[in-house]
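J.: Take the sequence shown: its position 9, counting from 1, is numbered 9 in the UniProt record's numbering, and each next residue is one higher.
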Amino acid sequence: MDDVNLPPSSRKILLLLEDGGALTHKELVRLSSLAPRTVRYALKRLKDNDMIVEKFNFRDARQILYEYKDSEMVSAQ
Numbered sequence: 001m002d003d004v005n006l007p008p009s010s011r012k013i014l015l016l017l018e019d020g021g022a023l024t025h026k027e028l029v030r031l032s033s034l035a036p037r038t039v040r041y042a043l044k045r046l047k048d049n050d051m052i053v054e055k056f057n058f059r060d061a062r063q064i065l066y067e068y069k070d071s072e073m074v075s076a077q
């Protein structure tokens, strides 16, 4: 996380994903107290930097789960 220049909102979302596991956009908005648009921007930045992955949500197919992409996931691929 230190080698990429991220805005504070992206850092906050990344910390939530590191600690909380896979979360939806709605859950991230609630936990972070950030505006939905800010969370979307943060998720885009993290995805562009290959720091998170999107997963299918089997509980609710309308929502995407976001998960922190740790070094173990990278080496397994």
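In this text, a Cβ means the ideal position worked out from N, Cα and C, and glycines have one as well. Only a predicted model underlies this, so the values are computations on that prediction, with no experimental measurement involved.
(1) Are the Cβ atoms of L46 and L14 separated by less than 8 Å?
(2) V29 lies in the alpha helix (DSSP H); which residues open and close that run?
(3) Please state if the CB of L65 and the CB of I52 are separated by a distance shorter than 8 Å.
(4) Can you grab the Cα-Cα spacing for the pair residue 98 / Y41, in whole Å?
T.: In terms of the structure at hand:
(1) Sequence index remark: in the sequence shown, residue 46 carries index 46 (1-based). Sequence index remark: in the sequence shown, residue 14 carries index 14 (1-based). In contact: L46 and L14 (Cβ atoms closer than 8 Å).
(2) By 1-based counting over the sequence shown, the position of residue 29 is 29. Residues H25 to S32.
(3) Mapped onto the sequence shown, residue 52 falls at position 52. Mapped onto the sequence shown, residue 65 falls at position 65. No; because the gap between Cβ atoms is not below 8 Å, this pair is not in contact.
(4) This structure cannot speak to residue 98, because the chain is shown only from 1 to 77.
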